[in-house]
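Numbering (the numbering used here), first residue to last: 161 to 439.
The structure is reproduced here in structure tokens:
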């Protein structure tokens with residue numbers, strides 16, 4: 161039995177959207193995440209992190225609080241962006257409130273400033289990618305190529321909706337107006353609302369990117385063998401999924417109820433004698 165073209169297109173569309181989320185979560189996506197340890201370097205210099213077992217415990221502790229921090233901020237933004245019951249004004253109000261709360265909860269200066277820089281770079285890169293697509297479609301010199309590409313997209317199911325990020329553009333506008341400061345996790349949630357097939361799935365991908373970045377930090381700062389780091393990362397997957405499921409149930413008032421020691425470590429990082437990372 162031949163699979164209908166519509167079914168193939170739907171599956172390809174979902175895969176293309178998943179790849180879009182993978183791209184912005186990838187460690188090589190140039191937003192500067194590789195330069196941040198989020199306070200881990202403090203634990204290394206205090207001799208709390210010395211072995212692979214120590215790092216495994218650190219990851220477990222991190223995932224216990226992540227739903228009330230980055231994962232919670234990301235999923236709330238994603239849920240707002242995909243809530244069809246919200247009017248444009250209602251969505252704008254929710255984003256402004258979430259940005260203010262999330263910024264206030266980032267008590268460590270380096271974490272707050274690092275998040276703002278990553279948010280700014282994400283907004284700039286996504287805008288450039290969107291503009292590139294729009295420029296291609298306006299260019300009369302590639303009409304023939306465009307016609308061929310449009311037919312190929314129809315057959316392969318690559319959706320035009322991958323280009324254009326209205327929810328993220330709204331956030332950029334609010335930041336430009338001074339009504340929001342810019343929080344990377346919120347920007348990721350709104351990007352997921354624009355592009356990802358599912359907010360929960362996107363949150364798992366985002367959570368994986370956070371853990372992967374911590375693993376790279378540990379490999380350099382402890383130092384930790386690549387094998388030990390990858391074992392700890394692999395063993396964390398069930399806990400990551402549970403952390404995302406918790407985050408998907410939270411209300412804004414639940415954010416920030418855990419993780420004070422991570423904030424303290426990030427604050428102490430500002431005065432360390434020597435540092436590999438910016439936070």
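Cβ atoms here follow ideal geometry from the backbone N, Cα and C, with glycine treated the same way.
In the DSSP assignment, the alpha helix (DSSP H) including residue 376 goes from what residue to what residue?
359-381
Could you tell me the alpha carbon to alpha carbon distance between residue 404 and residue 199, rounded to whole angstroms?
22 Å
Helix, strand or coil at residue 200 according to DSSP, with G and I counted as helix:
helix
Looking only at its own chain, which residues have a Cβ that is under 7 Å from the Cβ of residue 263, when we skip the five neighbours before and after it?
272, 341, 343
Can you tell me which of the three DSSP states residue 411 falls into?
coil
From the DSSP output, in three-state form, read off residue 342 for me.
coil
Please state the DSSP three-state secondary structure of residue 425.
helix
I'd like the list of long-range same chain contacts for residue 257, defined as Cβ closer than 6 Å, with 5 residues on each side in sequence excluded.
none
What's the gap between the Cα of residue 302 and the Cα of residue 392?
Since pLDDT at residue 302 reaches only 42, below the 50 mark, its modelled position is unreliable, and no value is offered.
Is residue 158 helix, strand or coil when you go by DSSP?
Because the chain here runs from 161 to 439, residue 158 falls outside it and cannot be looked at.
Taking DSSP as the reference, what is the three-state secondary structure of residue 390?
helix
Exposed or buried, what is residue 175 when buried is set at 16 or more other beta-carbons lying within 10 Å of its beta-carbon?
exposed
Find out if the Cβ-Cβ distance for the pair residue 238, residue 415 is shorter than 8 Å.
no
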